[in-house]
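Written below as structure tokens is the structure these notes are about.
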Amino acid sequence: MADWGHDGSDIWLSVHVAMGQMSFASTPESRYERMPRMDNAYSIIFTAAGRVDNRDELIADCGLRIAACEKAEMPDSEVMLHAYRKWGEDCPVHIYGDWAFAAYHQKERRLFLARDHFGNTSLYYYADPQVFAFASSRSALLALNLAPIEMDELYLAQVLVSWFAYHGERTIHKPIKRLPPGHSLTVTPERMDVRRYWRLEDTAELRLPKREDYVEAFRDVFDNAVQCRLRSVGNVAVTLSGGLDSGAVAATAARFMQGNGRRLLAFTSVPRFETTMYINNRFGDEFPFAQATAQYAGNVELYPVTAPLISPIQAIRRFIRIRNEPCHGASNYYWIGELMKCAREHGCRTLLTGQMGNAGMSWKGDVFSHSIGFQLHHLGWRAWSKEVTRRYIPIGMLNLYRKLRRPKDSWWKSSAIHPGFASRLNLLDRLMSAHDSLMAPTPRRPLEQRYRIIRPGSSFAGAVWAEIGAAFGMETSDPTADARVLSFTLSVPDHIFMDPKTGMDRMLIRDAMKGRLPDEVRLNRKRGRQAIDIVMRLRACAAEVENALYELECGPAAVYLNVPYLREVWRMIQTQDTPEVTRLSNVVLTRGIMAGLFVNGFGKW
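Going by my numbering, the letters in the sequence shown line up with residues 512 to 1116, in that order.
As structure tokens, then:
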């Protein structure tokens, strides 16, 4: 776990129990951290990692009457310990931030683990009748060799076909589990209980008098989510695209930092090659929009990241070792790694992102949340009739229609999966019957659509960024994934997200960012596209692609990956310049290569 301990480490040992912490000082208070901690008064061994965002509130709630100088030296892990002392196993719901902790009660031989609400940390565990082990890093558990490691083949298939059912407690290493976000776990010699302590799905709808009231209330919640993430011993950076979410994070952070005489560093992935032929109805180069945001905010140092020295294949090989599993967005790793590297070289220890905005604060809104007149005007009679039929036809009839029309032999061509492997798993029938696969009908209620994207209680999007951050010596944090931001934005009535006069979508964030983002960004309705020059980058490392495909042909991966089809896609990528080959580069070639290289090295990573 060396990557997790840039500032040292410590362990606590007894006859049957060991606990440790790899230290990374990202906040001023964390410089005083000494974990694991023996709490003699309660006979608890406590260790933790992460950042608490409602420190002052918890310190007050726990009845700690301490001077400002003492508070400045109290690390967040100590605040978590006090919260655990007061509320016991009910404390996680009170702690906001990106954190994970463990408390071992020596007398009762009871261990308690918990992760933050949305899971912006990483926590894995292994259990059998004799041993329980946990770690932020899966590599640490694999290194213990506690049991033979078997690959979860269904997990691999789900990654390949973009079926996000693999989010949750499973990992591709069958004996090893994730503790899902918003969950806690209690272990004794007799039992092991996993409990979900936070349900975003239980959020009640908020009723305010005016549309403007929602905007003002959201701005207050969002400002707090950004401001509390600016405690850092180093520079603070942001991943800045040309869109609304990261733009809102950057503009808001820059405002707060200006008052403290600090400047925000922003890093934007920029294509090296011409992208016009690949963009379709999106935009390829996000730098002009990012530049407009930085200039308008006025307190931002913007750096373009072109990643000229690392190829997509080199990045895939590196990230297999970082993530220990194949990943959905394999084509993005060259720019993510280079962006992290650049931020670290500029003295940054904190990196803000805006990954979870789409279904939260920048939700587009649903036309059917408005009057029938609005629906007809916005959609037209034909589109309206078709959508009404889809929404109100009985689910049983809709599923029957889908099964009758389901593709027989070509459905797998949107992935690199081997047809024989898919058939052995009966994957198509599973996809057709699952409520959360790409082949399932779009949920009819807007909230259901948003939950499918956010995946509360199961998403490991935050853990991905935590693990990548650790590898590059960075604390990553996402204000758009703040539990309070998500709770608020999911409570906003759906009609608030669309302008009733113009039909413009994403109005909550557009209105909230008036005066913070330039109108060319705030009112832009086109979306940017990540890794838009992936086709040209793959052509530039053709020999590496060929070598990777040869490795897949000659290794165990050939059973799982359709290598002939990968080669067919590769030939298309080398000769065609269309949006379709860009899509195939992302969902077939790079994802397939990452999955295949992982399979070939399974048990070695």
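Glycine residues also receive a C-beta, built at the ideal position from the N, C-alpha and C atoms. All values derive from a computational prediction rather than experimental measurement.
| query | DSSP state of Gln866, grouped into three classes? | reply | Residue mapping note: residue 866 aligns to position 355 of the sequence shown, counting from 1. Three-state result, Gln866: coil.
| When Arg576, Ala560 and Tyr595 are compared against Pro586, the one with the closest alpha-carbon | Looking up residue 586 in the sequence shown gives position 75. When Arg576, Ala560 and Tyr595 are compared, the shortest CA-CA separation from Pro586 is found for Ala560.
| request: Would you please state the rounded distance, in angstroms, between the beta carbons of Pro782 and Ile1084? I believe it to be under 8 Å. | output: Residue 782 sits at position 271 when you count from the first residue of the sequence shown. Residue 1084 sits at position 573 when you count from the first residue of the sequence shown. Approximately 16 Å separates the beta-carbon atoms of Pro782 and Ile1084; this is outside 8 Å, ruling out the contact.
| query | Between the beta-carbon of Phe794 and the beta-carbon of Lys875, is there less than 8 Å? | reply | Translated into positions along the sequence shown, residue 794 becomes position 283. Translated into positions along the sequence shown, residue 875 becomes position 364. Phe794 is not a Cβ neighbour of Lys875, given a cutoff of 8 Å.
| task | Please look up how many angstroms separate the CB atoms of Thr502 and Gly871, rounded, as I've assumed it's under 8 Å. | result | For residue 502 there is no data in the structure shown, the boundaries of the chain being 512 and 1116.
| What distance in whole Å lies between the Cβ atoms of Ile1045 and Thr1093, which are believed to be in contact at a cut-off of 8 Å? | The sequence position of residue 1093 within the sequence shown is 582, counting from 1. The sequence position of residue 1045 within the sequence shown is 534, counting from 1. In this structure Thr1093 touches Ile1045 by the C-beta definition: roughly 6 Å separates them, less than 8 Å.
| message | Quick test of your reading: Tyr725 and Leu1019, contact by CB under 8 Å. State the CB separation rounded to the nearest angstrom. | response | Here the question's residue 725 lines up with position 214 in the sequence shown. Here the question's residue 1019 lines up with position 508 in the sequence shown. 7 Å between Cβ atoms; contact.
| request: Just the C-alpha distance for Ile556 and Gln617, rounded to the nearest angstrom, thanks. | output: Counting from one through the sequence shown, the residue named residue 556 turns up at place 45. Counting from one through the sequence shown, the residue named residue 617 turns up at place 106. Spanning the two alpha carbons is a distance of roughly 8 Å.
| Unbroken beta strand (DSSP E) runs of length 3 or more, entirely within the segment 732–815: which are they? | Counting only runs of 3 or more, we get 746–750 and 775–780.
| task | Quick one: which unbroken beta strand (DSSP E) runs of 3-plus residues sit fully inside the segment 594–659? Chain order, please. | result | Taking only runs of at least 3 residues, the beta strand (DSSP E) segments lying wholly in the segment 594–659 are 608–616, 621–626, 635–638 and 643–646.
| request: Can you tell me which of the three DSSP states Asp514 falls into? | output: The count along the sequence shown starts at 1 and reaches residue 514 at position 3. Residue state, collapsed to three classes: helix.
| query | Which of helix, strand or coil does DSSP assign to Ile1007? | reply | Stepping through the sequence shown from its first residue, residue 1007 is reached at position 496. Helix at Ile1007.
| message | Counting C-beta neighbours from all protein chains within 10 Å, is the total for Arg730 16 or more, i.e. buried, or is it exposed? | response | The residue you call residue 730 lines up with position 219 of the sequence shown. When all chains shown are included, Arg730 counts as buried.
| Between Ser648, Ser925, Asn565 and Pro1067, which lies nearest to Thr682 when the distance is taken from Cα to Cα? | The sequence position of residue 682 within the sequence shown is 171, counting from 1. The alpha carbon of Thr682 has as its nearest neighbour, out of Ser648, Ser925, Asn565 and Pro1067, the alpha carbon of Ser648.
| Is DSSP giving Glu664 helix, strand or coil here? | Reading the sequence shown from its first residue, position 153 is the one you call residue 664. Assigned with DSSP and collapsed to three states, Glu664 falls in helix.
| request: Rank Arg963, Ser934 and Thr817 by C-alpha distance to the C-alpha of Glu785 and give the top, closest one. | output: Here residue 785 is taken as the residue at index 274 of the sequence shown, counted from 1. Thr817 is the residue among Arg963, Ser934 and Thr817 whose C-alpha sits nearest the C-alpha of Glu785.
| query | Given Tyr543, which residues of its chain have a CB within under 6 Å of its CB, disregarding the five upstream and five downstream residues? | reply | As a position in the sequence shown, residue 543 is number 32, starting the count at 1. So the qualifying residues of the chain are Glu584 and Pro586.
| request: Output yes or no for whether 8 Å exceeds the beta carbon distance between Pro930 and Leu667. | output: Residue mapping note: residue 930 aligns to position 419 of the sequence shown, counting from 1. Residue mapping note: residue 667 aligns to position 156 of the sequence shown, counting from 1. The beta carbons of Pro930 and Leu667 sit no closer together than 8 Å.
| message | Helix, strand or coil, according to DSSP, for Gly1103 in the structure here? | response | The residue labelled residue 1103 in the question sits at position 592 within the sequence shown. Note: Gly1103 maps to helix in three-state DSSP.
| query | Nearest to Ile831 by alpha carbon, out of Lys1115, Leu524, His888 and Thr538? | reply | On the sequence shown, residue 831 is found 320 positions in, with the first residue counted as 1. Scanning Lys1115, Leu524, His888 and Thr538 for the CA closest to the CA of Ile831 turns up Lys1115.
| message | For a quick check, are the C-beta atoms of Ser695 and Glu600 less than 8 Å apart? | response | The count along the sequence shown starts at 1 and reaches residue 695 at position 184. The count along the sequence shown starts at 1 and reaches residue 600 at position 89. For the 8 Å CB-CB criterion, Ser695 and Glu600 form a contact.
| request: Give the straight-line distance between the Cα atoms of Gly840 and Leu665, rounded to the nearest whole angstrom. | output: Residue mapping note: residue 840 aligns to position 329 of the sequence shown, counting from 1. Residue mapping note: residue 665 aligns to position 154 of the sequence shown, counting from 1. When rounded, the distance between both Cα atoms is 18 Å.
| How many Å lie between Pro603 and Glu589 at the Cα? | Numbered from its first residue, the sequence shown carries residue 603 at position 92. Numbered from its first residue, the sequence shown carries residue 589 at position 78. Across the structure, Pro603 and Glu589 are spaced so that their CA atoms are roughly 14 Å apart.
| request: Could you tell me whether the segment 970–981 touches the segment 619–639, using the rule of 3 or more Cβ pairs below 8 Å? | output: Counting Cβ pairs under 8 Å, three or more are found: they touch.
| task | Answer with buried or exposed for Ser926, where buried requires no fewer than 16 other C-beta atoms within 10 angstroms of its C-beta. | result | Numbered from 1 along the sequence shown, position 415 holds the residue referred to as residue 926. So Ser926 counts as buried.
| So, Tyr607 versus Arg995, is the Cβ gap smaller than 8 Å? | If you number the sequence shown from 1, residue 607 lands on position 96. If you number the sequence shown from 1, residue 995 lands on position 484. Yes, these two residues count as a Cβ contact at 8 Å.
| request: Tell me, please, whether the segment 1019–1031 touches the segment 1069–1077 by the rule of three or more beta-carbon pairs shorter than 8 Å. | output: Touching, no, given that fewer than three Cβ pairs across the two stretches are closer than 8 Å.
| field | Reduced DSSP secondary structure (H/G/I, E/B, other) of Met549 | value | Taking the sequence shown and counting its residues from 1, the one referred to as residue 549 is at position 38. Here Met549 sits in strand by DSSP.
| query | Considering His694, what are the terminal residues of the beta strand (DSSP E) in which it resides? | reply | Taking the sequence shown and counting its residues from 1, one reaches residue 694 at position 183. Residue range His694 to Val698 is occupied by the beta strand (DSSP E) that includes His694.
| said: Please classify Cys580 as buried or exposed, where buried requires at least 16 neighbouring CB atoms within 10 angstroms. | reply: Locating residue 580 in the sequence shown gives position 69, counting from the first residue. Here Cys580 is exposed. Its C-beta has fewer than 16 other C-beta atoms within 10 Å.
| task | Measure the C-alpha to C-alpha separation of Glu1057 and Asn1097 and round it to an integer number of angstroms. | result | Within the sequence shown, numbered from 1, the residue matching residue 1057 stands at position 546. Within the sequence shown, numbered from 1, the residue matching residue 1097 stands at position 586. Going by C-alpha positions, Glu1057 is about 17 Å away from Asn1097.
| request: To the nearest angstrom, report how far apart Glu978 and Ile883 are at their CA atoms. | output: To locate residue 978, count along the sequence shown from 1; it is residue 467. To locate residue 883, count along the sequence shown from 1; it is residue 372. For Glu978 and Ile883, the gap between their C-alpha atoms comes out near 47 Å.
| field | For Ile522: DSSP bridge partner residues | value | Taking the first residue of the sequence shown as position 1, residue 522 is located at position 11. Looking at the DSSP assignment, Ile522 forms a beta bridge with Gly531.
| query | Does the segment 1057–1071 come close enough to the segment 638–647 that 3 or more CB-CB pairs lie under 8 Å? | reply | Contact between the segment 638–647 and the segment 1057–1071 is absent: fewer than 3 CB-CB pairs across the two stretches fall below 8 Å.
| field | Assigned secondary structure, Phe557 (DSSP; H/G/I helix, E/B strand, else coil) | value | Locating residue 557 in the sequence shown gives position 46, where the first residue counts as 1. Three-state DSSP puts Phe557 in a strand.
| Can Ser541 and Ser520 be called in contact, C-beta distance under 8 Å? | Taking the first residue of the sequence shown as 1, we reach residue 541 at position 30. Taking the first residue of the sequence shown as 1, we reach residue 520 at position 9. No. Outside cutoff.
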